Amino acid sequence: MAFAIQFVIDVLSLGGAYALMALGLVIIYGILRLVNFAYGELIMVAGYTMYLSSGSSLPWLVMAVLAVGMAVLFGILTDYAAFRPVRAKSVTAVLITSFAFSNLLQNAALLFISPRPRNVPLPEIFSQTVSIGGAITPVRNLITIAASIVLLAAVAFLMRKTTLGIAMRAAATNFTMARMLGVPANLIISSAFALSGFLAGVVGILWIGRIGTVVPGIGLEPLLVAFIATVIGGMRSLPGAVVGGFLLALIDTTLNYTLSQDLLKFRDAFTFSLVILILLWRPEGLIKGPASGQRT
Amino acid sequence: MKHAYLTALILIAVVAALAVGSQLLGIRLYDRIATNLLISLVLVVGLQTFMGNSGLLSFAHIGFMGLGAYTSAVLTIPAQMKGMALPDLYEFMTVLEVSPLLAMLAAGVVAALVAAVVAYPLMRLSDAAAVITSFALLVVLYTVMNNWSALTNGPRTLFGLPKTTDMPIAAVVAAIVIVIALLFKESRTGKLLRASREDEVAAAALGANIPHLRWRAFILAAFIAGVGGALWGHFITSFAPKAFYLKETFLIITMLVIGGANTVTGAVAGTILVTFAYEGLRGTEGALNATAIGAGQVVGLTEIVLALAMIAVMIVKPGGLFPNREIGHILTRTRRKKEIVS
Amino acid sequence: MLEITGLSINYGAIRAVRGVSFSVGKGELVSLLGANGAGKSSTIKCIAGALKAAEGSILLEGRDITAANPEQVIRAGLATVPETRDVFPDLTVAENLMLGAYIHRRDQVGNRQNLEKLHTLFPRLAERSSQPAGTLSGGEQQMLVIARALMARPSVLLLDEPSLGLAPAIVERIFEMIETLKKSGLTILLVEQNVNQALSVADRAYVMRLGTIVASGTAEEIRSTSDLSAHYLGG
Ligand SMILES: Nc1ncnc2c1ncn2[C@@H]1O[C@H](COP(=O)(O)OP(=O)(O)OP(=O)(O)O)[C@@H](O)[C@H]1O
Ligand SMILES: [Mg+2]
Numbered sequence: 000m001a002f003a004i005q006f007v008i009d010v011l012s013l014g015g016a017y018a019l020m021a022l023g024l025v026i027i028y029g030i031l032r033l034v035n036f037a038y039g040e041l042i043m044v045a046g047y048t049m050y051l052s053s054g055s056s057l058p059w060l061v062m063a064v065l066a067v068g069m070a071v072l073f074g075i076l077t078d079y080a081a082f083r084p085v086r087a088k089s090v091t092a093v094l095i096t097s098f099a100f101s102n103l104l105q106n107a108a109l110l111f112i113s114p115r116p117r118n119v120p121l122p123e124i125f126s127q128t129v130s131i132g133g134a135i136t137p138v139r140n141l142i143t144i145a146a147s148i149v150l151l152a153a154v155a156f157l158m159r160k161t162t163l164g165i166a167m168r169a170a171a172t173n174f175t176m177a178r179m180l181g182v183p184a185n186l187i188i189s190s191a192f193a194l195s196g197f198l199a200g201v202v203g204i205l206w207i208g209r210i211g212t213v214v215p216g217i218g219l220e221p222l223l224v225a226f227i228a229t230v231i232g233g234m235r236s237l238p239g240a241v242v243g244g245f246l247l248a249l250i251d252t253t254l255n256y257t258l259s260q261d262l263l264k265f266r267d268a269f270t271f272s273l274v275i276l277i278l279l280w281r282p283e284g285l286i287k288g289p290a291s292g293q294r295t
Numbered sequence: 000m001k002h003a004y005l006t007a008l009i010l011i012a013v014v015a016a017l018a019v020g021s022q023l024l025g026i027r028l029y030d031r032i033a034t035n036l037l038i039s040l041v042l043v044v045g046l047q048t049f050m051g052n053s054g055l056l057s058f059a060h061i062g063f064m065g066l067g068a069y070t071s072a073v074l075t076i077p078a079q080m081k082g083m084a085l086p087d088l089y090e091f092m093t094v095l096e097v098s099p100l101l102a103m104l105a106a107g108v109v110a111a112l113v114a115a116v117v118a119y120p121l122m123r124l125s126d127a128a129a130v131i132t133s134f135a136l137l138v139v140l141y142t143v144m145n146n147w148s149a150l151t152n153g154p155r156t157l158f159g160l161p162k163t164t165d166m167p168i169a170a171v172v173a174a175i176v177i178v179i180a181l182l183f184k185e186s187r188t189g190k191l192l193r194a195s196r197e198d199e200v201a202a203a204a205l206g207a208n209i210p211h212l213r214w215r216a217f218i219l220a221a222f223i224a225g226v227g228g229a230l231w232g233h234f235i236t237s238f239a240p241k242a243f244y245l246k247e248t249f250l251i252i253t254m255l256v257i258g259g260a261n262t263v264t265g266a267v268a269g270t271i272l273v274t275f276a277y278e279g280l281r282g283t284e285g286a287l288n289a290t291a292i293g294a295g296q297v298v299g300l301t302e303i304v305l306a307l308a309m310i311a312v313m314i315v316k317p318g319g320l321f322p323n324r325e326i327g328h329i330l331t332r333t334r335r336k337k338e339i340v341s
Numbered sequence: 000m001l002e003i004t005g006l007s008i009n010y011g012a013i014r015a016v017r018g019v020s021f022s023v024g025k026g027e028l029v030s031l032l033g034a035n036g037a038g039k040s041s042t043i044k045c046i047a048g049a050l051k052a053a054e055g056s057i058l059l060e061g062r063d064i065t066a067a068n069p070e071q072v073i074r075a076g077l078a079t080v081p082e083t084r085d086v087f088p089d090l091t092v093a094e095n096l097m098l099g100a101y102i103h104r105r106d107q108v109g110n111r112q113n114l115e116k117l118h119t120l121f122p123r124l125a126e127r128s129s130q131p132a133g134t135l136s137g138g139e140q141q142m143l144v145i146a147r148a149l150m151a152r153p154s155v156l157l158l159d160e161p162s163l164g165l166a167p168a169i170v171e172r173i174f175e176m177i178e179t180l181k182k183s184g185l186t187i188l189l190v191e192q193n194v195n196q197a198l199s200v201a202d203r204a205y206v207m208r209l210g211t212i213v214a215s216g217t218a219e220e221i222r223s224t225s226d227l228s229a230h231y232l233g234g
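These protein sequence lines map, in sequence, to chains A, B and C.
Here numbering that gives the first Met the number 0 is used: the first residue of the first sequence is 0, the next is one more, and so on.
Here numbering that gives the first Met the number 0 is used: the first residue of the second sequence is 0, the next is one more, and so on.
Here numbering that gives the first Met the number 0 is used: the first residue of the third sequence is 0, the next is one more, and so on.
Listed below in structure tokens is the structure:
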């Protein structure tokens, strides 16, 4: 029983984080049909903001808000630096500029901060554990679950009930038509990048909370998770991204529990093979995105 | 078709000029830079065979280079050294020892086989999904190289490869790869692929099975990457898996993209240009580190400058320096224009 | 009201529209006719701001909107129903209509009144309010796109082939509705291949062929031009 509880908590907390990562990526992709390679660096930015503000005497929560704010800011900056100038030219051009921008941010962190890990301030509660039905689990896993439930619900509300969210969904299927109804393109795109940055910021704090330090390459794993989860889930569907995130977490956790120590090192390779199998079966991903839609 | 011969001739002449030029200078450092450049040329032109024809970015290329390097290592490290270099190597492999040339071919074949198996489902994905899974593939190949200690010595440096690559050999391989890339471009597969990039529906109507064509190009690119990896391995003689990861991926993509991914000429031009820029920047970084202010703290400057250059090129000239015509084509056209004028 | 002068449109190296000039007066219903590929839709998209003009000017009530982007054009009072019948398929009918009123999103009361009016004009849409627009029939989708455009309370409406691919009975309904709109004082530019239907509701008409205007006049004049359809409209 304790084992089952442990397993479920692990899947849900990892899946919640994965789902948020994937969601932040797919929000941009859904609207612009463009992949943001610099997405992982938003998590890095959140981490370094925490590190840099740790010297101050600000309360932790203020630092966290600051970190999320910086991630939002850098999300919008990504649009201006890597997307806007080449958006109309080609899909590959944007892939390349965002990849270059990702390298730029990482190397700026290397140059101006340090190649070595830096400590990130975390409240006491992140390192505590509780016992639930006999299963000893870190409190931060529960925080992650709670945060992802709240955020997923908030995103769902935003996308379903607010004019901005509905306009964003409309723009995702047919950008030009949305503009012809008066929805400003720049507002939609900036909102998408801001939302993406917001999700990256929050998930960044939760993610960094697991290890307590930040390095320039911290964004790679979340980026990879987001990539795989969105490909499984179906690239253009927001629910797909969430499903993909939880499924990936289920695969990873199951492998964590079943693989021997020797094989565990290859976990990513096993996960990837499974993903390839899923894609052989459904090349479009599990959930199809909105029907039509051309790129702008 | 005639201008394709001219292109091949000119590009091979460039390779020869690089080779002879560095010999004439007679400085060891230049010899090293020239050899590295020629090996990069093999990799970048290899990447061009996939990216230039299919229009899809592949991030996995360097991973296949790594497969090639390790394959050749296992096949060529002298039997008596294997005990030290690869202590956990499987028993039956310890006696293997083949000639470097054969090992290089085997490296290409192994990379191509792995590519054939893993890439088949990936090439059926939509463009964006195919690109991002190629990125995931790079990470997976890296993970495997980092952890399959029996074959790779894990994250530790593997040493003991015979030093069989020198500048002339690198030049010959580079020239051959350039010819292969040009031949592939003009082949039926290459032409259909490029047509599919312009208009997927029309190409499909011509009977082109696009995923299949992409798959072929991907295998060819992986083969060349594997050969390039072996070539590099026998030049550097010791390496660790981290030599086949993001930094190097960024570098070859920069080279290809700045030169122009659609043309072999672009691949060659970009490699030369970025290599010189890279060496210059590295030198500057070193000099800064030697000063009091730098104090060994300057890292990443080179990459920052390259990243900025790449973004600038994408904004100003998204197709790179040679966006669609090979050098031979450009020259014959200007010649013809002149004839008309005179 | 709407004044197009010397408009040219390029797709890369191809020039699809070559120096077209025409005008639509206030409260008028003008029809733009022409065979496939004549450049009608390109002209419409260009007026709507979705395509850039290579040459020429577009004036709306004396204001230059040639270089305006789509979101500015609708704010200037010109709404467009494109021929591709672009409903947002995953959004419900109500959400589609709500987005139609995007530029008036602060005026909830006005929107509700307008919506009620449109629901009496298109009772089917009221019934299907919470259904995803992608599940509507072709005719219902056409109604939805027109109603959505009207939610913006435009002074000029561009309609691109509203009868395309619809059954005769529904085409009949659509043209009745266009007449109603015209009576309400709306200025309308109607692109059609359905020449007879279009001329029956239009005040004036222009005929396009290969990117230029080759004939113009009142609906009567155009109708009486012999062999018009044979020559210009491809049958
Ligand atoms: N996106 C595009 N790219 C290139 N050419 C285009 C594009 N859209 C339209 N054209 C060309 O422009 C010309 C005019 O097309 P347009 O759609 O305006 O014609 P139309 O009069 O609306 O025809 P139809 O009655 O069939 O709708 C055609 O020759 C068409 O091939
Ligand atoms: Mg048309």
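Beta carbons are placed, not taken as given, at the ideal position from N, Cα and C, and that holds for glycine.
Predicted, not measured: the structure shown is a model, and the values here were computed from it.
Length of the line joining the Cα atoms of residue i and residue j
i: MET0 (chain C); j: SER154 (chain C); result: 9 Å
i: LEU286 (chain A); j: GLY243 (chain A); result: It is Ile, not Leu, that sits at residue 286 (chain A) in the sequence shown. Taking the straight line from one Cα to the other gives about 9 Å.
i: SER89 (chain A); j: PRO317 (chain B); result: 8 Å
i: THR290 (chain B); j: SER21 (chain B); result: 30 Å
i: LEU10 (chain B); j: ILE251 (chain B); result: 18 Å
i: ARG324 (chain B); j: THR262 (chain B); result: 7 Å
i: TYR244 (chain B); j: GLY299 (chain B); result: 16 Å
i: PHE226 (chain A); j: THR6 (chain B); result: 39 Å
i: ILE212 (chain C); j: LEU94 (chain A); result: 43 Å
i: GLN293 (chain A); j: ALA184 (chain A); result: Confidence at GLN293 (chain A) is low in this model, with a pLDDT of 38, below 50, so its placement is unreliable and the value that follows should be read with caution. The straight-line gap from Cα to Cα measures roughly 14 Å.
i: ILE277 (chain A); j: LEU124 (chain B); result: 12 Å
i: ILE175 (chain B); j: GLY51 (chain B); result: 18 Å
Beta carbon of residue i nearer than 8 Å to that of residue j
i: ILE204 (chain A); j: ALA63 (chain A); result: yes
i: SER71 (chain B); j: ALA229 (chain B); result: yes
i: LEU8 (chain B); j: THR274 (chain B); result: no
i: GLN141 (chain C); j: ARG84 (chain C); result: yes
i: LEU42 (chain B); j: ALA224 (chain B); result: yes
i: VAL226 (chain B); j: MET309 (chain B); result: no
i: LEU40 (chain B); j: THR270 (chain B); result: yes
i: SER56 (chain C); j: THR4 (chain C); result: yes
i: PHE36 (chain A); j: PHE111 (chain A); result: no
i: VAL119 (chain A); j: THR128 (chain A); result: no
i: LEU189 (chain C); j: LEU28 (chain C); result: yes
Extent of the continuous beta strand (DSSP E) to which residue i belongs
i: ALA214 (chain C); result: 211-217
i: GLU191 (chain C); result: 186-191
i: GLY9 (chain C); result: Note that residue 9 (chain C) corresponds to Asn in the displayed sequence, not to Gly. ASN9 (chain C) -> beta strand (DSSP E) spans 1-10.
i: GLU40 (chain A); result: From DSSP, GLU40 (chain A) is part of no beta strand (DSSP E) but of the alpha helix (DSSP H) over 38-52.
i: MET150 (chain C); result: Taken as a continuous stretch (DSSP letters only), MET150 (chain C) belongs to no beta strand (DSSP E), as it is neither H nor E.
i: PRO137 (chain A); result: 134-137
Where the alpha helix (DSSP H) containing residue i begins and where it ends
i: PHE98 (chain A); result: 90-111
i: MET309 (chain B); result: 300-315
i: LEU24 (chain B); result: 1-24
Min CB distance residue i to chain E below 8 Å
i: TYR28 (chain A); result: Here chain E cannot be found, since the structure's protein chains are A, B and C.
Any non-hydrogen atom of ligand 4 within 7 Å of residue i CB
i: ILE13 (chain C); result: Only ligand 1 and ligand 2 can be found as ligands here, which leaves ligand 4 out of the picture.
Does the segment 66-73 of chain C touch the segment 128-142 of chain C, meaning 3 or more C-beta pairs lie closer than 8 Å? The answer is no - the segment 66-73 of chain C does not touch the segment 128-142 of chain C, with fewer than three Cβ pairs under 8 Å.
Is the segment 141-150 of chain A in contact with the segment 245-258 of chain A, if contact means three or more CB pairs nearer than 8 Å? No, the segment 141-150 of chain A does not touch the segment 245-258 of chain A.
Determine contact between the segment 194-202 of chain A and the segment 18-32 of chain A, defined as no fewer than three beta-carbon pairs at a distance below 8 Å. Three or more Cβ pairs closer than 8 Å define a contact, and the segment 194-202 of chain A meets that threshold against the segment 18-32 of chain A.
When the Cβ atoms of the segment 111-123 of chain B are set against those of the segment 73-93 of chain A, are three or more pairs found closer than 8 Å? Using a Cβ-Cβ distance cut-off of 8 Å, the segment 111-123 of chain B and the segment 73-93 of chain A are not in contact, since fewer than three pairs of beta carbons, one from each stretch, lie closer than that value.
When you get a sec, list the residues whose CB is within less than 7 Å of any heavy atom of ligand 2, chain order please. In chain order, the hits are C:LYS39, C:SER40, C:GLU82, C:ASP159, C:GLU160 and C:VAL190.
How about the segment 193-209 of chain B and the segment 60-75 of chain B: do they share at least three Cβ pairs that are nearer than 8 Å? They do not touch, by the three-pair rule.
Does the segment 18-34 of chain C come close enough to the segment 201-217 of chain C that 3 or more CB-CB pairs lie under 8 Å? As far as the Cβ criterion goes, the segment 201-217 of chain C touches the segment 18-34 of chain C, which means the pair count is three or higher.
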